[in-house]
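Peer 1:
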Amino acid sequence: MSAISYRRSRLKKVYPFVGYDTTKSEVKPTDTKPFVIGDIVESQDYQFSASDTKSISFGSTFTDVMKIATGSVPGVYTIDTSGSQAQLGNTFISSVDEASVTVKQSSDNSNSFGAIAIVII
Amino acid sequence: MPYNQAFKLYKDANKVRYAYLKANNTKSGLERKIDEINIATPFFISDILEVDFGVETVTTANTITANFDITFSDVPTVIATTTDNVKLSVTSTTDTATFSASEQYTGTLYWIAVNKKTDPISVRKVAIALDSGVEDLSSTTKTISFTTNKFVGLGNPIILVSANANANIYITNVSETSFVINTSEDFTGKIYWTAFVIRKL
């Protein structure tokens, strides 16, 4: 089969994507490292009881070698779940390790927040 | 595959199919080639029985409702990030999430809903590209670049952020290559972030 001959003006039209490496005339390699987040996400609603600190132990620690490499620390993300108006102060992650997280708020309020913990491997 | 659809994610496997031109050995021109590459490993969310996510456009509003495209078996945990300096609260049912901002704003709201189960009866298969990081911040804003080519061609990711000290955090300028972290006031500390592009298969 003979090759198709393209004019330069036409080539510009058929290079529509960013991932093309013009120096090598090939598509740039994409990271193919596999990852799984299946068993390593925790999600739940929690309650501040008129205090600014809530410590949460993960239901399953993040050191299980069947799930992740030892030493991985999850990212923990929270949101106020008080209702139609946010009742809590700013919530933030005071400390986190493989087994637990301490969530704090900027003021002493009694209300709930949702949280998820995610580790990437 | 048309030329204007350089990337395509298969429905039944998370491969990207792409077209490109490659010089042939005769120097008489270029050949159009089509190839495939794995961008992420498909996975069954064994402990996460159900997951949904979305990006909502907000126009001068402080109440935003997102309708899930599945009915969760229990009320899911919903986490969201905004593109403006507002405090956010969420209430959820098995079908919807209602986000209430402290004041009206115009921008974007990114959310993900997760309902974790310990009995993996049925799962929703998704393909996911994911990036994350921890950033030291010493002012009110910082531009974060994703790992090279992580999301290019896949669309803008959903981004979750949290801090290790008191600040209201929001994000702006989300693209396939970067985003900007903003804090409500001068902030010295760490910002944790995770970015997702998820495809429901």
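Chains V and B supply the protein sequences, listed in that same order. Its first residue numbered 133, the first sequence is counted upward by one per residue in the working numbering. Its first residue numbered -13, the second sequence is counted upward by one per residue in the working numbering. The C-beta atom is built at its ideal place from N, Cα and C for all residues, glycine as well. Quick caveat, the model's predicted, so the values are computed rather than measured.
(1) Any C-beta of chain A sitting closer than 7 Å to the C-beta of B:Ser125?
(2) Please report the distance separating the alpha-carbon of V:Ala247 from that of B:Val76.
(3) For B:Glu171 and V:Phe224, I'd like the C-alpha separation in whole angstroms.
(4) Establish whether the CB of B:Tyr178 and some CB of chain V are separated by less than 7 Å.
(5) Which whole-angstrom value describes the C-beta separation of B:Lys73 and B:Asn154, a residue pair presumed to lie in contact below a C-beta threshold of 8 Å?
(6) In whole angstroms, what is the alpha-carbon distance linking V:Thr164 and V:Gln217?
(7) What does V:Ile248 touch in chain B if you count any residue whose Cβ is under 7 Å from its own?
(8) DSSP state of B:Gly40, grouped into three classes?
(9) Quick one: any contact between the stretch 175 to 190 of chain V and the stretch 235 to 247 of chain V, if contact means 3 or more CB pairs under 8 Å?
(10) What span of residues does the beta strand (DSSP E) with V:Asp240 cover, start to end?
(11) Rounding to the nearest angstrom, what Cα-Cα distance links B:Ile167 and B:Val160 in this structure?
(12) So for B:Leu95, helix, strand or coil by DSSP?
(13) Taking the straight line between their C-alpha atoms, what separation do you get for V:Ala249 and V:Tyr209?
(14) Count the C-beta pairs between the stretch 34 to 49 of chain B and the stretch 86 to 101 of chain B that are closer than 8 Å, then say yes if the count reaches three, no if not.
(15) Quick one: what's got a C-beta closer than 6 Å to B:Thr180's C-beta in the same chain, skipping five residues either side?
Peer 2: So, from the listed chains and residues:
(1) This model lacks chain A altogether; the protein chains it does include are V and B.
(2) 12 Å
(3) Looking at the two C-alpha atoms, the distance is approximately 14 Å.
(4) yes
(5) 6 Å
(6) Residue placement at V:Thr164 is flagged as unreliable, the pLDDT there being 44, under the threshold of 50; the coordinate-derived value follows with that caveat. Straight-line Cα distance between these residues: approximately 43 Å.
(7) Thr63, Ile65 and Val100
(8) strand
(9) yes
(10) Ser232 to Asn241
(11) 10 Å
(12) strand
(13) 7 Å
(14) yes
(15) Ser118 and Leu146
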